[in-house]
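In the working numbering, the protein residues as written are 51 to 220. First up is the structure itself, then whatever we jot down about it.
Following this line, the structure appears as structure tokens:
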């Protein structure tokens, strides 16, 4: 992944014009799937790009609180709302050890969003960090779900920022 520039104790005041527009999205709690569906007036879909097994970076294993020796299953998708352009590029990292119990359901997502399972009848613990990448503002969330840690990284793409500005939502 790209060089990450963490924002610690960020104030909303003029760090970056896109940060101001995205602030509420970067720090929102709950299901991004549900929030994007609502914004898209019921329109939402996931386009899977790739999935693969690999060792996470040291930075990701520290955030996940797992050994850097462990392999993980990665899933990369694009999230669309009511526009033809994707709004969010998402990457999930599931340490392989956790995919053997309840979390194995995440391995069979296909075109379904993670939020469909993650927030169904539960409110998982979440730790989040926000940073700027070359592709846009991103948030990484470490979820603890049924005792299992995994990470979801969501990059809010320029097309989403443009949509928010056009609708005067930022």
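Even for Gly, the Cβ is constructed at its ideal location relative to N, Cα and C.
- Query: What three-state label does DSSP hand residue 75 in the structure shown?
  - Reply: Position 25 of the chain shown, counted from the start, is the residue given in the question as residue 75. Correct three-state label for residue 75: helix.
- Please go through the same chain and pick out, in chain order, the residues whose beta-carbon is closer than 6 Å to the beta-carbon of residue 60, but skip the five residues on each side of it. The residue given as residue 60 occupies position 10 in the chain shown. Low local confidence applies: a pLDDT of 48 at residue 60 is under 50, so the model's placement there is unreliable, and no value is given.
- Message: Taking contact to mean 3 or more Cβ pairs, one atom from each stretch, closer than 8 Å, check whether the segment 131-138 and the segment 193-203 are in contact.
- Response: Taking 8 Å as the limit for Cβ pairs, the verdict is that the segment 193-203 does not touch the segment 131-138.
- Message: Across the segment 114-123 and the segment 77-84, are there enough close Cβ pairs to call them in contact, namely three or more that are closer than 8 Å?
- Response: Judged by Cβ distances under 8 Å, the segment 114-123 makes no contact with the segment 77-84, as fewer than three pairs qualify.
- Does the Cβ-Cβ distance between residue 96 and residue 129 come in under 8 Å? Along the chain shown, read from residue 1 onward, the residue named residue 96 stands at position 46. Along the chain shown, read from residue 1 onward, the residue named residue 129 stands at position 79. The answer is yes: Cβ separation under 8 Å.
- Item | Environment of residue 103 [buried if 16+ CB atoms lie within 10 Å] | To locate residue 103, count along the chain shown from 1; it is residue 53. Looking at its Cβ environment, which holds fewer than 16 other Cβ atoms inside 10 Å, residue 103 is exposed.
- Nearest to residue 148 by alpha carbon, out of 91, 215, 201? Indexing the chain shown from 1 puts residue 148 at position 98. Comparing Cα-Cα distances from residue 148 to each of 91, 215, 201, the minimum goes to 201.
- Query: Enumerated in chain order, which unbroken segments of the alpha helix (DSSP H) with a length of 4 residues or greater are wholly contained in the segment 98-143?
  - Reply: The segment 98-143 contains these whole alpha helix (DSSP H) runs: 108-114.
- When burial is assigned at 16 or more other CB atoms within 10 Å of the CB, is residue 106 buried or exposed? Here residue 106 corresponds to residue number 56 of the chain shown, with the count starting at 1. By the Cβ-count criterion, residue 106 is buried, with 16 or more other Cβ atoms from all chains shown falling within 10 Å of its own Cβ.
- Message: By the three-class DSSP mapping on this structure, what secondary structure does residue 167 have?
- Response: As a first step, residue 167 must be located in the chain shown, where it is residue number 117. It is helical.
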